[in-house]
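Participant:
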Amino acid sequence: MHGLFSAGIAGMKRVFRNFIGIVTVVDVLCVLSVGVVILALISMPRALPNERIKLKFTAVTNKFGNFIVWFLKKNLDFIHRPKWEVEFPAKISVEKWYVGMSNHLSWADIFLLLFTTNYKFPLLKFFMKKELRWIPIIYFVHKTIDMPFLNRYKADAIRRNPELQRRETENTRLAAEKFMKYPTVAFCFAEGTRFTEEKRVKQKSPYQDLLKPKVGALMTSLSCMPNVNELIDFTIIYETKKRSAWAFACGEMKGAKVIARSFIIPDELRKTTGQNVSEDRAKFKQFIEHIWQEKQELINQNIF
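For this note's numbering, count along the sequence shown from 1 and bump the result up by 1378.
(1) Pick from F1557, W1512, F1565, L1528: whose alpha carbon is nearest that of T1547?
(2) Whole angstroms is fine: what's the gap from Q1643's alpha carbon to P1500's?
(3) Are the beta-carbon atoms of R1659 and V1579 separated by less than 8 Å?
(4) Rounded to whole angstroms, what's the CA-CA distance from N1453 to P1540? Just pull it up for me.
(5) Within 10 Å of its beta-carbon, does W1670 have 16 or more other beta-carbons around it, so buried, or fewer, so exposed?
(6) In chain order, what residues of the same chain have a beta carbon less than 8 Å from the beta carbon of V1403, not counting five sequence neighbours either side?
(7) Let me know the beta strand (DSSP E) ranges lying completely inside the segment 1560 to 1603, each 3 residues or longer, listed in chain order.
(8) Taking C-alpha atoms, which residue in P1604, K1474, K1461, V1415 lies nearest to I1515?
(9) Out of curiosity, what's the CA-to-CA distance linking N1365 and V1393?
(10) Please return the same chain residues whose Cβ sits closer than 7 Å to the Cβ of A1418, not counting the five positions on each side in sequence.
(11) Scan the segment 1462 to 1511 and note each continuous beta strand (DSSP E) run of 3 residues or more that stays entirely inside, going in chain order.
(12) Taking the alpha helix (DSSP H) that L1672 belongs to, which residues open and close that run?
(13) Determine the direct distance from the alpha carbon of R1395 to that of T1598, and round the result to whole angstroms.
(14) Tell me the residue span of the alpha helix (DSSP H) that contains R1430.
(15) If contact is defined by three or more beta carbon pairs under 8 Å, each pair taking one atom from either stretch, is the segment 1472 to 1489 in contact with the segment 1565 to 1572?
(16) Closest to V1406 by C-alpha separation, out of F1489, D1524, E1657, would be which residue?
(17) Per DSSP, which one or two residues make a beta bridge with S1640?
(18) Let me check one thing: in DSSP terms, what residues is A1634 bridge-paired to?
(19) Distance, Cα to Cα, F1504 vs A1595?
(20) Hey, could you find the ends of the alpha helix (DSSP H) R1648 is sitting in?
(21) Please determine, among N1680, V1412, D1611, the residue with the shortest C-alpha to C-alpha distance to A1634.
(22) Should Y1476 and L1609 be called a contact, given that it needs their Cβ atoms to be closer than 8 Å?
(23) In the structure shown, what three-state DSSP assignment does L1419 receive?
(24) What is the rounded straight-line gap between the Cα of N1444 and the Cα of G1413?
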């Protein structure tokens, strides 16, 4: 009898979780769909050949983008009741430009970062995989608030065809130039892919909870954003081991820590060209790897 009762309770919990997941997906799709339509309408004047108009409406679209994030956050606060622990640097200005990076564990990372930084940082602009351009909502986000697509070529492909690296650098440069129109955090997941234990072993990563960081997009962004002298590193830690988009939708990833640290970028690193100049790249890589070592220690100290 006790076993049947326990099974019944477990079944009811599973049904409720799935219900929460469906409500979350519908809510996110509705908010983003309406939001990107409004963004598209607001963005139309940016097509005019007048720089003042472009700058003015870039500011409007960014402000509305922040509002969409805020509204969606409030909805999911009500649905999920998240338990976030957040540590941010004291002197962050929404009127400045930054470059940002983070470890990457799940699709939920994007929502978590946008929600926790909303109105505390400039709007985060993510470098997104080009494969995502076929998703209509993401494509409109790309067009209206300048979140760029990158190809993320594999190292083997670049070795076979070095032209791919030049093309990727040029794409990053053009994106970074757009970022200069309005205060922004030019953001990338430095590992280039979501962390799994299999990837860590295959990559022979020296870190327990991280993949090796990649520096190409960050270097190129810095070379095109001369007024940026500060890098924000975000460390994400989840309470659960679940990582799927559905687990996030069902509210199973609501326990999380986001720890941001600010680093002043040395002048000699800011003056890099963003090209594959081995000496510049080696110095910048050393700078990022030092941050990555500290990040692993931070994860060790903050595991749930």
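Cβ coordinates follow ideal geometry from the N, Cα and C atoms, glycine included.
Facilitator: Checking against the coordinates, here is how it stands:
(1) Here residue 1547 refers to the residue found at position 169 when the sequence shown is read from its first residue. Considering only alpha carbons, the answer is L1528.
(2) Residue numbering aside, residue 1643 sits at position 265 when the sequence shown is read from its first letter. Residue numbering aside, residue 1500 sits at position 122 when the sequence shown is read from its first letter. Checking the sequence shown, residue 1643 turns out to be Ile, not Gln. Distance between the alpha carbons of I1643 and P1500 is about 18 Å.
(3) To locate residue 1659, count along the sequence shown from 1; it is residue 281. To locate residue 1579, count along the sequence shown from 1; it is residue 201. Taking 8 Å as the cut-off, the Cβ atoms of R1659 and V1579 do not count as close.
(4) For the purposes of this step, residue 1453 is taken as the residue at position 75 of the sequence shown. For the purposes of this step, residue 1540 is taken as the residue at position 162 of the sequence shown. Going by the C-alpha atoms only, they are around 46 Å apart.
(5) In the sequence shown, residue 1670 corresponds to position 292, counting from 1. By the neighbour-count rule (16 or more Cβ atoms within 10 Å), W1670 is buried.
(6) Residue numbering aside, residue 1403 sits at position 25 when the sequence shown is read from its first letter. Within the same chain, V1403 has close Cβ partners A1627.
(7) Within the segment 1560 to 1603, the complete beta strand (DSSP E) runs of at least 3 residues are 1563 to 1567.
(8) Position 137 of the sequence shown, counted from the first residue, corresponds to residue 1515. It is V1415 whose Cα lies nearest to the Cα of I1515.
(9) There is no way to answer for residue 1365, as the model of the chain reaches only from 1379 to 1682.
(10) By one-based count along the sequence shown, residue 1418 stands at place 40. For A1418, where only same-chain residues beyond five positions count, the Cβ hits under 7 Å are F1518, T1522.
(11) The beta strand (DSSP E) runs of length 3 or more contained entirely in the segment 1462 to 1511 are, from start to end of the chain, 1476 to 1480, 1502 to 1504.
(12) Numbered from its first residue, the sequence shown carries residue 1672 at position 294. Correcting the residue identity first, residue 1672 is Glu in this sequence and not Leu. In the DSSP annotation of this structure, the continuous segment of the alpha helix (DSSP H) that includes E1672 starts and ends at 1656 to 1680.
(13) Counting from one through the sequence shown, the residue named residue 1598 turns up at place 220. Counting from one through the sequence shown, the residue named residue 1395 turns up at place 17. The alpha-carbon separation between T1598 and R1395 amounts to approximately 43 Å.
(14) Numbered from 1 along the sequence shown, position 52 holds the residue referred to as residue 1430. In the DSSP assignment, R1430 falls within the unbroken alpha helix (DSSP H) covering 1429 to 1458.
(15) Taking 8 Å as the limit for Cβ pairs, the verdict is that the segment 1472 to 1489 does touch the segment 1565 to 1572.
(16) Residue numbering aside, residue 1406 sits at position 28 when the sequence shown is read from its first letter. Sorting F1489, D1524, E1657 by C-alpha distance to the C-alpha of V1406 places F1489 at the top.
(17) Position 262 of the sequence shown, counted from the start, is the residue given in the question as residue 1640. Bridge partners of S1640: I1610.
(18) For the purposes of this step, residue 1634 is identified with residue 256 of the sequence shown, where counting begins at 1. Bridge pairing for A1634: W1462, Y1616 [DSSP].
(19) Locating residue 1504 in the sequence shown gives position 126, counting from the first residue. Locating residue 1595 in the sequence shown gives position 217, counting from the first residue. The C-alpha of A1595 is placed about 11 Å away from the C-alpha of F1504.
(20) If you number the sequence shown from 1, residue 1648 lands on position 270. Per DSSP, R1648 belongs to the alpha helix (DSSP H) from 1645 to 1648.
(21) Along the sequence shown, one-based indexing puts residue 1634 at 256. When the alpha-carbon of A1634 is set against those of N1680, V1412, D1611, the nearest one is in N1680.
(22) For the purposes of this step, residue 1476 is taken as the residue at position 98 of the sequence shown. For the purposes of this step, residue 1609 is taken as the residue at position 231 of the sequence shown. Closer than 8 Å, so yes.
(23) Residue 1419 sits at position 41 when you count from the first residue of the sequence shown. Helix.
(24) To locate residue 1444, count along the sequence shown from 1; it is residue 66. To locate residue 1413, count along the sequence shown from 1; it is residue 35. Each residue's alpha carbon lies about 11 Å from the other.
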